[in-house]
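Novice: After the structure tokens below, expect a handful of questions from me.
2 protein chains.
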Amino acid sequence: MGQSVQPILVVGSVALDTVHTPTESAMDVLGGGASYFCLAGAMFAPIQLVAVVGDDFPEANRRMLEARGVDLTGLEARPGKTFRWSAKYWGIRLEQRETLDTQLNVFADFHPVLPPAFRKTKMVFLSNIQPDLQLEVLDQVENPEFVACDTIKLWLDTAKPGLERVFRRVDCVIINDEEAVQFTGQRFLPAAAHVILSYGPRVVIIKRGENGSLLFTPDRIFLAPAHPLETVRDPTGAGDAFAGGLLGSLARSGHDGEQVLRRGMLYGSVLGSLAVEDFSVRRIVQATDDDVESRLSTLVDMISLDGSRAR
Amino acid sequence: MGQSVQPILVVGSVALDTVHTPTESAMDVLGGGASYFCLAGAMFAPIQLVAVVGDDFPEANRRMLEARGVDLTGLEARPGKTFRWSAKYWGIRLEQRETLDTQLNVFADFHPVLPPAFRKTKMVFLSNIQPDLQLEVLDQVENPEFVACDTIKLWLDTAKPGLERVFRRVDCVIINDEEAVQFTGQRFLPAAAHVILSYGPRVVIIKRGENGSLLFTPDRIFLAPAHPLETVRDPTGAGDAFAGGLLGSLARSGHDGEQVLRRGMLYGSVLGSLAVEDFSVRRIVQATDDDVESRLSTLVDMISLDGSRAR
């Protein structure tokens, strides 16, 4: 990672997760959308984290994030407990999820305050927190050049007007297929994407899990395959890791132009595939640049019309 | 379509379908897997149909097939009623289906007999009929060069040993994702494809409906996007039309080599997308070569890493 790569500012949740699958469990492991984004994105670019944790947040997690190039100046530590989330997964590929418990704890009163050095950052990722908090962050960034946001069904159900305000102020909306259909009332994804594009973003990305992701710009569609899975140990965080890989690669290569966006989608798929292979962020932090490039080559070959292997 | 394109022999069902959606119905329209395959494939190559109908089979259907270059020498007409199938679809994109009635009628005692001229045909499609009937056809073909088969869940449940015999004798297995998982007991599609490849075919194609199709050869994977849908009027026959587009394009371009297979997958997606836009085979028979090539260009662009539009 060169010194010249521009940093990415991310706001979102840092949590301690407890995850159960039919065969395994992990207790109080590092979770939260911002954590996955940070560690995926940090493979490509310096990351500036804006989040809150309690006084129970393990020092080891903090050190691990810093060791990966994540700037924790904006990680507020408050008296009380860190955001806790617990869920169980089941189904043939662990595609079914039930949230067992959510304790907002210190996150309940979170109002993000950007350290001065973060306010000039040009690339921003608003992970799937409450839309009003996403807007609070955006209001503090002086002159952003590329802002992407994600969301979850909860905000479609409870904060749609806020979400619409966010969509009007970002360059890129990342959303999953069911949410895109629900938000727009359109049955088909191209029509749904075009409704979201009409709010103003120049890019809409619709995630479909193991069926890959679609990149919509006003007159083109790109299909990024999901990396072929051989195992799923914990599906948590795949979407946030996808966003980290995507924005990280854009920070490194520039966010203008269809070509870097398309290649960025593939980096997103790679980091998403790593996320699910172990609990928490374990597989992501173990990945080498060679691991990433090897998976990228597989994806490039999966969409090549060339008869010879494109490696 | 040049005279030099080699013919494709197809065996399968020709039926009269009654289809209900929440807003529309169609009664006694041309259906059956072989019908969809014939009319999709006939856009690329001469088709030889082996099937059975009753004495109630409308002459108009026969004329329409012949007008499209389908050789009906092998279409047996028997006293009695044509195979009838009835179903209803529902769900946001009509993805839910319930079969209401199946009357095998003359199909119940069908034993395909190939006209002498068909026995030398090099390219063969065994659509999703009973595996023993697929084998009866294969036994009558003298020296096939490329044989593809499809199947349905019913045969996994009731005729798995026969299906395994079929898989051992074909070059290409076409199957949907749930069937591939069920047949192999493998949760992940690459592992499932490799189990099927171990029976002997050199190509395994796993269909995922609106999520596209995957082409597996021993050491590569290709992802063919589904053509972006703007409407679904009747999902019946999409898989058979996919096979018709795929094999048709292979008949025209040669079935050797990864490049023609990959492009063939895209032609399959194009014909599958046409099939669902109207009841029965209506949209397929209305399609022009320009319609097909235009949709193909969309698909090529959807998987292009080039920043400029690849048209």
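Those protein sequences? They're chains U and S, same order as listed. Residue numbering for the first sequence is 1 to 311, as defined by my numbering. Residue numbering for the second sequence is 1001 to 1311, as defined by my numbering. Where a beta carbon is used, it is the ideal one built from N, C-alpha and C, also for glycine.
Between the alpha carbons of serine 308 of chain U and proline 1218 of chain S, how many angstroms are there, rounded?
Specialist: Using only the alpha carbons, I get a separation of about 14 Å.
Novice: Helix, strand or coil: how does DSSP classify methionine 123 of chain U here?
Specialist: Strand at methionine 123 of chain U.
Novice: What's the gap between the Cα of glycine 268 of chain U and the Cα of leucine 138 of chain U?
Specialist: The alpha-carbon atoms of glycine 268 of chain U and leucine 138 of chain U are separated by roughly 23 Å.
Novice: Shortest alpha-carbon distance to aspartate 290 of chain U belongs to which of U:Asp278, U:Leu274, U:Met302 and U:Val281?
Specialist: Per the Cα distances, U:Leu274.
Novice: Could you tell me whether any Cβ in chain S is nearer than 9 Å to the Cβ of phenylalanine 222 of chain U?
Specialist: For phenylalanine 222 of chain U, the answer is yes, since a Cβ of chain S falls inside 9 Å of its Cβ.
Novice: Could you give the distance in angstroms between the alpha-carbon of phenylalanine 1183 of chain S and the alpha-carbon of valine 1195 of chain S?
Specialist: About 9 Å.
Novice: Mark valine 1292 of chain S as exposed unless 16 or more other C-beta atoms lie within 10 angstroms of its C-beta, in which case mark it buried.
Specialist: Valine 1292 of chain S is buried by the Cβ-count criterion.
Novice: Give me the DSSP bridge partner(s) of glycine 33 of chain U.
Specialist: Its beta-bridge partners do not exist; DSSP assigns none.
Novice: Checking contacts by CB at 9 Å: is glycine 1002 of chain S closer than that to chain U?
Specialist: Confidence at glycine 1002 of chain S is low in this model, with a pLDDT of 46, below 50, so its placement is unreliable and the value that follows should be read with caution. Cβ-Cβ to chain U under 9 Å: no for glycine 1002 of chain S.
Novice: Tell me the residue span of the alpha helix (DSSP H) that contains asparagine 1176 of chain S.
Specialist: Not the alpha helix (DSSP H): asparagine 1176 of chain S falls in the beta strand (DSSP E), residues 1172-1176.
Novice: Could you confirm whether any beta carbon from chain S is found closer than 9 Å to the beta carbon of glycine 248 of chain U?
Specialist: Answer no: the Cβ-Cβ gap between glycine 248 of chain U and chain S never drops below 9 Å.
Novice: Looking only at C-alpha atoms, which of U:Lys120, U:Gly74, U:Ala42 and U:Leu135 sits nearest to valine 53 of chain U?
Specialist: Ranking U:Lys120, U:Gly74, U:Ala42 and U:Leu135 by Cα distance to valine 53 of chain U puts U:Gly74 first.
Novice: Given proline 1079 of chain S, which residues of its chain have a CB within under 6 Å of its CB, disregarding the five upstream and five downstream residues?
Specialist: Once the five neighbours on either side are set aside, the close Cβ partners of proline 1079 of chain S are Asp1055.
Novice: Less than 8 Å between the CB atoms is what I'm expecting for alanine 159 of chain U and threonine 82 of chain U, so what's the real figure, rounded?
Specialist: Incorrect: roughly 23 Å between the Cβ atoms, too far for contact.
Novice: Which same chain residues end up closer than 6 Å to serine 322 of chain U when comparing Cβ atoms and leaving out the 5 residues on each side of it in sequence?
Specialist: Nothing can be reported for residue 322 of chain U: it is not among the residues displayed for chain U, which extend from 1 to 311.
Novice: If we count Cβ pairs, one from each stretch, closer than 8 Å, do we get three or more for the region 1115-1134 of chain S versus the region 1086-1105 of chain S?
Specialist: Output reads no: the region 1086-1105 of chain S does not touch the region 1115-1134 of chain S.
Novice: Can you give the beta carbon distance from alanine 1241 of chain S to leucine 1271 of chain S, rounded, assuming they're within the 8 Å contact cut?
Specialist: Rounded, the Cβ-Cβ distance is 4 Å, consistent with contact.
Novice: Can you round the beta-carbon distance between tryptophan 1085 of chain S and aspartate 1017 of chain S to whole angstroms, since I take them to be within the 8 Å contact cut?
Specialist: That pair is a contact at about 5 Å.
Novice: On the DSSP bridge list, what partners appear for glutamine 1325 of chain S?
Specialist: Chain S is shown from 1001 up to 1311; residue 1325 of chain S falls before or after that span and cannot be answered.
Novice: Assuming the contact rule is C-beta atoms closer than 8 Å, isoleucine 1221 of chain S and leucine 1229 of chain S should be a hit. Round their C-beta distance to whole Å, please.
Specialist: With 8 Å as the limit, isoleucine 1221 of chain S and leucine 1229 of chain S do not qualify as a contact, their Cβ atoms being about 24 Å apart.
Novice: Taking the straight line between their C-alpha atoms, what separation do you get for alanine 1045 of chain S and alanine 1287 of chain S?
Specialist: Looking at the two C-alpha atoms, the distance is approximately 15 Å.
Novice: Quick one: what's got a C-beta closer than 7 Å to arginine 311 of chain U's C-beta in the same chain, skipping five residues either side?
Specialist: Because arginine 311 of chain U carries a pLDDT of 46, less than 50, the predicted location of this residue cannot be relied on, and the following value inherits that uncertainty. Taken in chain order, the residues that qualify are Ser297 and Asp301.
Novice: Hey, does asparagine 1211 of chain S have any beta-carbon neighbour from chain U nearer than 9 Å?
Specialist: For asparagine 1211 of chain S, the answer is yes, since a Cβ of chain U falls inside 9 Å of its Cβ.
Novice: Can you tell me whether leucine 100 of chain U is helix, strand or coil according to DSSP?
Specialist: Leucine 100 of chain U: strand per DSSP, three-state reduction.
Novice: Can you tell me whether DSSP reads phenylalanine 222 of chain U as helix, strand or coil?
Specialist: DSSP places phenylalanine 222 of chain U in strand when its eight states are reduced to three.
Novice: The beta strand (DSSP E) that contains histidine 111 of chain U, what's its start and end?
Specialist: Unbroken run through histidine 111 of chain U: none, as it is neither H nor E.
Novice: So who's on the other strand from lysine 160 of chain U, going by DSSP bridges?
Specialist: Answer is none; lysine 160 of chain U lacks a bridge partner.
Novice: According to the neighbour-count rule (16 or more other Cβ atoms, all chains shown, within 10 Å of its Cβ), is isoleucine 174 of chain U buried or exposed?
Specialist: It is buried - the Cβ of isoleucine 174 of chain U has at least 16 other Cβ atoms within 10 Å.
Novice: So if DSSP puts aspartate 17 of chain U in a beta bridge, which residue, or which two residues, is it bridged to?
Specialist: Beta-bridge pairing links aspartate 17 of chain U to U:Val29 and U:Trp85.
Novice: Write down the C-beta distance between valine 1050 of chain S and valine 1005 of chain S rounded to the nearest angstrom, noting that I regard them as a contact closer than 8 Å.
Specialist: No, valine 1050 of chain S and valine 1005 of chain S are not in contact; Cβ-Cβ is about 19 Å, not under 8 Å.
Novice: Closer than 9 Å, Cβ to Cβ, to anything on chain S: give me those residues from the region 24-57 of chain U, in chain order.
Specialist: For the region 24-57 of chain U, which is checked against every Cβ of chain S, not one residue is closer than 9 Å.
Novice: Could you tell me if methionine 43 of chain U is buried or exposed, where buried requires 16 or more neighbouring beta carbons within 10 angstroms of its beta carbon?
Specialist: Buried: at least 16 other Cβ atoms inside 10 Å.
Novice: For alanine 1287 of chain S, which of helix, strand or coil comes out of DSSP?
Specialist: Residue state, collapsed to three classes: coil.
Novice: Check serine 1213 of chain S in the structure and name its three-state DSSP category.
Specialist: Looking at serine 1213 of chain S - three-state DSSP - the assignment turns out to be strand.
Novice: Using the C-alpha atoms, what's the distance from glutamate 76 of chain U back to valine 29 of chain U?
Specialist: So the alpha carbons of these two residues sit roughly 19 Å apart.
Novice: Tell me, please, whether the CB atom of alanine 238 of chain U is closer than 9 Å to any CB atom in chain S?
Specialist: No, no contact with chain S.
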